[in-house]
Amino acid sequence: MNIQRISFYLTPPHPCSYIAGNTASTAFADPNIKLTPAHYNHLIRYGFRRSGKHIYRPHCDNCSACISIRVKTNEFKAGRRFKRVLSNNSDLICEITDNANREEHYQLYRKYISSRHQGGEMDEDNPDTYKEFICSNWSSTIYLEARLQQKLLGVAVIDQVENGISAVYSFFDPDYPKRSLGNYLILKQIELNNKINQEYLYLGYWIEKSQKMNYKADYKPHQLFIEGKWTEE
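Using our numbering, the first residue of the sequence shown is number 58, and each one after it goes up by one.
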């Protein structure tokens, strides 16, 4: 692939957000180069992710718990639990938009963060830091909205890549816990990926020891990026 050679920079060690007592480091693509979708299409195949305008991958000493996971969506079959999630949300309408500057997105994000990450760094977000976290001027990003009549209940931020889509981030109304909106948004992304005849849904990092991250393995069949290659699980 004819893309510019990329340098990477490693952050100093810092407390791990997912495994108590661990320290973490992150490798970031050089922020001074002009990134393009071609860079991302290449790097996502090697376990990298996007956050805002940055491309990164965990790079920790003595720990490899963060494992990239991608779902083979054309082989996915919803079991009883996921069928129930879809049934419980059959009254929702999903639409795709490429408009990142919707105030209602930010207001729902704030409600979600205040419920899920109260007192944490993300709870201090304002409209500018929200856009810095979600948006990028080089990625091909769309937004899947789930609505109950006119009320926005959930948003999935999705990057379109060469061999599928990447689930960048999802947020939803915490007042509807029985709907399992987080699972619902993933299921709708699986549907979307199949609709556009793509192969993979990239779900980010699976961490077996983290309750916040180990749910991703429930979506099967999937592949894990281990020791430099994608492995069937």
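Note that beta-carbon positions come from the ideal geometry of N, C-alpha and C, so glycine has one too.
| Query | Result |
| --- | --- |
| Host beta strand (DSSP E) of A203 (start-end) | 198-205 |
| Alpha-carbon spacing of Y163 relative to L238, whole angstroms | 17 Å |
| Under the three-state DSSP convention, the category P94 falls into | helix |
| Rounded Cβ spacing between Y226 and V218 (contact assumed at less than 8 Å) | About 15 Å; that fails the 8 Å criterion. |
| Residues near H116 in its chain [Cβ-Cβ closer than 7 Å; skip 5 each side] | L67, S82, T83, A84 |
| Range of the contiguous alpha helix (DSSP H) that encloses Q164 | 160-173 |
| N- and C-terminal bounds of the beta strand (DSSP E) containing P115 | 111-115 |
| M58 to F105 span [Cα, whole Å] | Any answer about M58 is weak, because its pLDDT of 48 lies below 50 and its placement is not dependable; what the coordinates show is given next. Taking the straight line from one Cα to the other gives about 17 Å. |
| Through-space distance from E152 to L207, alpha-carbon basis | Checking the sequence, you will find Gln at residue 207 rather than Leu. Cα to Cα, the separation comes out at about 12 Å. |
| Reference G285, options E202, S121, Y259, closest by Cα | S121 |
| Expected contact under 8 Å - CB spacing of I63 and H111 to nearest Å | 12 Å between Cβ atoms; not a contact. |
| Opposing strand residues paired with S214 [DSSP bridges] | According to the sequence as given, residue 214 is Val; it is not Ser. According to DSSP, V214 bridges with Y200, Y226. |
| Residues that DSSP places opposite I101 in a beta bridge | Looking at the DSSP assignment, I101 forms no beta bridge with any residue, so it has no partner. |
| Close Cβ partners of I264 (< 8 Å) along its chain, the five nearest in sequence each way excluded | Y75, I76, A122, C123, I124, M270, N271 |
| Exposure of R127, with buried meaning 16 or more beta-carbon neighbours within 10 Å | buried |
| Three-state secondary structure assigned by DSSP to K129 | strand |
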